[in-house]
Amino acid sequence: MKSIVIVTRRLIVGGIEKALLSMLEVIPKDKFKITLLLMGAEGELVKDIPTHVEVKFIFGEEKTTQKIWRGLKKGKFKEISSLIKYRFMVKEFKTIYEREYYESQMLPILETEYDIAIAYHTPASFPVVYVMKNIRASVKVAWIHSDVSQYEKELQPYKDLYVNYDRIFCVSEYAKKEFLKMFPGLKTKTNVFYNIINKNNLILLSVKEKGFTDEFDGIRILTIGRLSAQKGQDLIPKILSDLISNGLNVKWYCIGEGDGRKQIENAIKKHGVADHMILLGTLTNPYPFLAQCDLYVQPSRHEGYCITLAEARAFNKPIVTTDFVGAREQITHLQTGLITNFDSDKIFSSVLKVLNDKELATRLQDNLSKKEFVGGHSEINKLYKCID
């Protein structure tokens, strides 16, 4: 039996985390012993980790961020290890990389030797350092989930680490292209690994709960994602106001939570759409809403691949998406969805086009239903080949 260790931050509700859980589900437990190393115990998705996966916590299960800060404020320094105390003295370091490198030096090298060790998070993050410096493995793999052009400055110190990885997996062709612009010497070890989406499982989850309960009989638009500048929900209130001005009976629902909530709430108030834009917060099962919505819109400024867009495809929904990294690998413009620039007027025009043209909306759905679903279980074979 081969052994795999995967290092990530926390299992909060997010695209990276959901992609990881989907991958864990399809790795055969009779052939692989899987260990998941988490930096913290917090996260709504911890309960969804498959039971055959061994879970360990790099900084200790009880050393969650809130508990550490509580201990520091109460002066309980003796109860907190020197490593954990140092972890939050970020001002001592010039960069995040310097802090993460120090943390890895303070932590012991793991005694167990694995067949595959995987750094599974954003490209400039602690798992990239930890897998390289603290784990012994025959093959080491780094996962690129993001558009690295958005992390160009932060990524530079990590270059020497990536050079020593045996394989780099990027979640889209465009993400691979951007990564190789920054690290052209790593071309021979860099491949695309599309995020695995269990379409049948999503459909089963969609009937487990009620979904919309407001008895609204108009058009329901849905957007899923962390409330943040990256995801672009700050544009929605103006777009929604313009749709209402054009006589549409519409509500726009957003699933997700984040530090962009206040900005979005201010925009909702500014454009007078409080009765039409509904912030539903974090939901571990958004799939009933996906199954029931009339249109899915992904207004992101940038993405690596975008799990929520893939999930909308799984439900054959009419889709409008901005032209971020990987969007054109999932959507063919005017065939399986509409792709538009990141601009409120352009997004508005695309949404209005789909809502006013029933024939177009039906064609988009029919074409999606006939198209082979990118992100199937066969992707996992690329991981097996690492140790063949």
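Taking the numbering used here, I'd label the letters of the sequence shown as residues 1 to 388.
We treat Cβ as the ideally placed atom computed from N, Cα and C, and that holds for glycine.
Computed from a prediction, not measured in an experiment: that's the story for all the values here.
DSSP beta-bridge partners of residue i
i	result
Gln298	Thr321
Val129	Per DSSP, none; premise fails for Val129.
Leu251	This sequence places Lys at residue 251; Leu is not what is there. Answer is Arg220.
Glu54	Thr35
Lys199	The partner list for Lys199 (beta bridge, DSSP) is empty, contrary to what the question assumes.
Residue burial classification, residue i (beta-carbon count within 10 angstroms, cutoff 16)
i	result
His52	exposed
Lys269	exposed
Gln66	Unreliable positioning characterises Gln66 in this predicted model, as indicated by a pLDDT of 46, which lies under 50. The coordinate reading is nonetheless provided below. Per the 10 Å Cβ criterion, exposed.
Glu311	buried
Ser400	With the chain covering 1 to 388 only, the question about residue 400 has no answer from this structure.
Gln233	buried
Gly272	exposed
Pro286	buried
Ile109	exposed
Phe77	Low local confidence applies: a pLDDT of 43 at Phe77 is under 50, so the model's placement there is unreliable, and no value is given.
Ser378	exposed
Asn134	buried
Leu11	buried
Val351	buried
Leu243	buried
Glu79	For Glu79, the predicted structure reports a pLDDT of 43, less than 50, and the residue's modelled location is therefore unreliable. The matter cannot be settled from this model.
Ala314	buried
Glu372	exposed
CA nearest to the CA of residue i, picked from the options
i	options	result
Phe183	Leu110, Glu42, Asp160	Asp160
Val297	Ile4, Val192, Thr321	Thr321
Leu39	Asn316, Leu107, Gly211	It should be pointed out that residue 39 corresponds to Met in this sequence rather than to Leu. Measuring from the Cα of Met39, the nearest candidate turns out to be Leu107.
Asn367	Tyr384, Cys293, Leu334, Ile109	Leu334
Gln330	Met1, Leu243, Tyr194	Tyr194
Arg167	Thr188, Tyr158, Pro157	Thr188
Lys391	Tyr305, Ala291, Ser300	What the structure shows of the chain is the stretch from 1 to 388, and residue 391 is not part of that stretch, so it cannot be assessed.
Tyr158	Leu227, Tyr97, Leu204	Tyr97
Leu279	Asp242, Gly225, Leu364	Gly225
Val354	Glu42, Asp242, Leu295	Leu295
Ile4	Lys231, Ile118, Gly60, Leu155	Ile118
Pro127	Leu11, Ser104, Tyr114	Ser104
Leu24	Val55, Thr332, Glu42, Gly43	Val55
Leu360	Asp343, Leu338, Ile347, Gly326	Leu338
Tyr253	Phe212, Met132, Leu205	Phe212
Leu20	Leu45, Phe342, Lys33	Leu45
Ser206	Ala142, Phe289, Ile380, Phe216	Phe289
Test item: CB-CB of residue i and residue j under 8 Å
i	j	result
Tyr151	Ala175	no
Ile239	Leu283	no
Thr35	Tyr120	no
Val13	Ile196	no
Glu173	Val148	no
Thr340	Asp323	yes
Asn198	Ser22	yes
Lys140	Tyr165	yes
Tyr31	Lys2	First, the residue type needs correcting, since residue 31 is Lys and not Tyr in the sequence shown. Yes, these two residues count as a Cβ contact at 8 Å.
Ile347	Leu227	no
Gly304	Ser146	yes
Terminal residues of the alpha helix (DSSP H) in which residue i lies
i	result
Tyr174	173-182
Met23	15-26
Leu309	307-314
Phe348	344-356
Arg261	261-271
Arg328	327-330
Opening and closing residue of the beta strand (DSSP E) in which residue i lies
i	result
Asn195	Per DSSP, Asn195 belongs to no beta strand (DSSP E) and is neither H nor E.
Tyr102	Taken as a continuous stretch (DSSP letters only), Tyr102 belongs to no beta strand (DSSP E), being part of the alpha helix (DSSP H) at 96-106.
His121	113-121
Lys33	32-38
Ala137	136-144
Val163	First-last for Val163: 159-163, but that is the alpha helix (DSSP H), not the beta strand (DSSP E).
Leu279	277-281
Ser3	2-8
Leu338	338-340
C-beta neighbour in chain C for residue i, strict 8 Å
i	result
Glu54	The structure shown contains no chain C; it is built from a single protein chain.
Residue i: CB within 7 Å of a non-hydrogen atom of the ligand GTP
i	result
Lys2	Looking for the ligand GTP in the displayed structure turns up nothing, as the structure carries no ligands at all.
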